[in-house]
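Numbering (the numbering used here), first residue to last: -13 to 114. Using N, Cα and C, we set each Cβ at its ideal position, and we do this for glycine too.
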(Lines of atoms letter the chains of each structure in order from A and count residues from 1; the text may use other names and numbers.)
(Lines give C-alpha, C1' and ligand atoms only; values in the text may rest on other atoms or scores of the structure.)
Protein backbone atom coordinates (compact mmCIF):
# COMPACT_ATOMS: atom_id res chain seq x y z
CA UNK A 1 0.00 0.00 0.00
CA UNK A 2 1.37 3.34 -1.03
CA UNK A 3 1.04 6.26 1.40
CA UNK A 4 -0.23 9.37 -0.31
CA UNK A 5 -1.17 12.86 0.84
CA UNK A 6 -4.83 12.00 0.30
CA UNK A 7 -4.56 8.98 2.59
CA UNK A 8 -2.81 11.08 5.23
CA UNK A 9 -5.57 13.68 5.04
CA UNK A 10 -8.20 10.93 5.36
CA UNK A 11 -6.38 9.50 8.38
CA UNK A 12 -6.19 12.96 9.93
CA UNK A 13 -9.92 13.51 9.42
CA UNK A 14 -10.66 10.12 10.95
CA UNK A 15 -8.67 11.03 14.07
CA UNK A 16 -10.71 14.20 14.48
CA UNK A 17 -13.95 12.27 13.96
CA UNK A 18 -13.30 9.63 16.63
CA UNK A 19 -14.97 11.38 19.53
CA UNK A 20 -12.48 14.20 19.47
CA UNK A 21 -9.77 11.96 20.92
CA UNK A 22 -7.09 13.81 18.99
CA UNK A 23 -8.05 17.04 20.77
CA UNK A 24 -7.54 15.41 24.15
CA UNK A 25 -4.17 13.98 23.10
CA UNK A 26 -3.10 17.32 21.63
CA UNK A 27 -4.11 19.21 24.77
CA UNK A 28 -2.13 16.79 26.92
CA UNK A 29 0.94 17.15 24.73
CA UNK A 30 0.67 20.94 24.72
CA UNK A 31 0.40 21.02 28.50
CA UNK A 32 3.37 18.67 28.92
CA UNK A 33 5.52 20.69 26.53
CA UNK A 34 4.54 24.01 28.10
CA UNK A 35 5.30 22.62 31.55
CA UNK A 36 8.68 21.31 30.33
CA UNK A 37 9.58 24.72 28.89
CA UNK A 38 8.63 26.63 32.04
CA UNK A 39 10.44 24.11 34.24
CA UNK A 40 13.57 24.41 32.09
CA UNK A 41 13.63 28.18 32.61
CA UNK A 42 13.09 27.81 36.34
CA UNK A 43 9.55 29.04 36.73
CA UNK A 44 6.18 27.47 37.46
CA UNK A 45 3.63 26.95 34.71
CA UNK A 46 1.02 28.75 36.81
CA UNK A 47 3.23 31.83 37.21
CA UNK A 48 3.93 32.01 33.48
CA UNK A 49 0.21 32.61 32.93
CA UNK A 50 -0.08 35.33 35.56
CA UNK A 51 -0.42 33.26 38.71
CA UNK A 52 -3.50 32.57 40.76
CA UNK A 53 -6.07 35.22 41.45
CA UNK A 54 -6.26 36.14 45.10
CA UNK A 55 -9.36 38.26 44.75
CA UNK A 56 -12.97 37.17 44.66
CA UNK A 57 -15.33 39.59 42.97
CA UNK A 58 -18.17 40.50 45.29
CA UNK A 59 -21.05 42.10 43.49
CA UNK A 60 -24.14 43.96 44.52
CA UNK A 61 -27.45 42.27 43.72
CA UNK A 62 -27.95 44.63 40.78
CA UNK A 63 -24.45 43.93 39.44
CA UNK A 64 -25.00 40.17 39.81
CA UNK A 65 -28.24 40.38 37.81
CA UNK A 66 -26.53 42.48 35.11
CA UNK A 67 -23.66 40.02 34.89
CA UNK A 68 -26.17 37.17 34.60
CA UNK A 69 -27.86 39.07 31.75
CA UNK A 70 -24.53 39.34 29.97
CA UNK A 71 -23.98 35.59 30.23
CA UNK A 72 -27.58 34.88 29.19
CA UNK A 73 -27.02 36.88 25.98
CA UNK A 74 -24.00 34.65 25.33
CA UNK A 75 -26.27 31.59 25.49
CA UNK A 76 -25.65 30.34 29.02
CA UNK A 77 -28.60 28.95 30.97
CA UNK A 78 -26.78 27.62 34.04
CA UNK A 79 -24.62 29.58 36.46
CA UNK A 80 -22.11 28.24 38.96
CA UNK A 81 -22.11 30.29 42.14
CA UNK A 82 -19.64 30.08 44.98
CA UNK A 83 -21.47 29.92 48.30
CA UNK A 84 -19.68 30.62 51.53
CA UNK A 85 -20.36 31.36 55.17
CA UNK A 86 -22.85 34.15 54.47
CA UNK A 87 -25.53 31.88 53.06
CA UNK A 88 -28.29 34.50 53.36
CA UNK A 89 -26.36 36.89 51.11
CA UNK A 90 -25.78 34.09 48.60
CA UNK A 91 -29.50 33.26 48.60
CA UNK A 92 -30.27 36.93 47.90
CA UNK A 93 -27.94 36.80 44.87
CA UNK A 94 -29.78 33.72 43.56
CA UNK A 95 -33.13 35.49 44.10
CA UNK A 96 -31.95 38.63 42.27
CA UNK A 97 -30.75 36.63 39.29
CA UNK A 98 -33.91 34.47 39.26
CA UNK A 99 -36.04 37.61 39.30
CA UNK A 100 -34.30 38.89 36.16
CA UNK A 101 -33.91 35.46 34.53
CA UNK A 102 -36.31 32.80 35.87
CA UNK A 103 -35.02 30.33 33.28
CA UNK A 104 -31.56 30.11 34.87
CA UNK A 105 -30.43 26.96 36.67
CA UNK A 106 -27.70 27.09 39.29
CA UNK A 107 -24.80 24.95 40.40
CA UNK A 108 -23.84 25.93 43.93
CA UNK A 109 -20.22 25.41 44.91
CA UNK A 110 -19.38 25.34 48.61
CA UNK A 111 -15.92 24.81 50.03
CA UNK A 112 -15.46 21.22 51.09
CA UNK A 113 -15.43 22.07 54.79
CA UNK A 114 -18.64 24.09 54.43
CA UNK A 115 -20.48 21.74 52.10
CA UNK A 116 -22.66 19.86 54.60
CA UNK A 117 -23.62 22.97 56.55
CA UNK A 118 -24.34 25.04 53.46
CA UNK A 119 -26.35 22.40 51.63
CA UNK A 120 -28.45 21.53 54.67
CA UNK A 121 -29.18 25.20 55.37
CA UNK A 122 -29.93 25.94 51.74
CA UNK A 123 -32.37 23.09 51.23
CA UNK A 124 -33.98 23.54 54.66
CA UNK A 125 -34.72 27.13 53.67
CA UNK A 126 -36.97 25.81 50.90
CA UNK A 127 -34.79 26.73 47.92
CA UNK A 128 -34.48 24.18 45.16
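Short of 8 Å from the beta carbon of residue 53, and not among the five residues preceding or following it, lie these beta carbons of its own chain, in chain order: 45. Distance between residue 79 and residue 51, taken at the CA atoms: about 8 Å. About 4 Å separates the Cβ atoms of residue 93 and residue 66, confirming a contact at the 8 Å cut-off.
Within the same chain, no Cβ atom closer than 7 Å to the Cβ of residue 13 is found once the five residues on either side in sequence are excluded. In its chain, beyond the 5 residues on either side, 20, 21, 24 have a beta carbon closer than 7 Å to the beta carbon of residue 31.
In its chain, beyond the 5 residues on either side, 90, 91, 92, 93 have a beta carbon closer than 8 Å to the beta carbon of residue 64.
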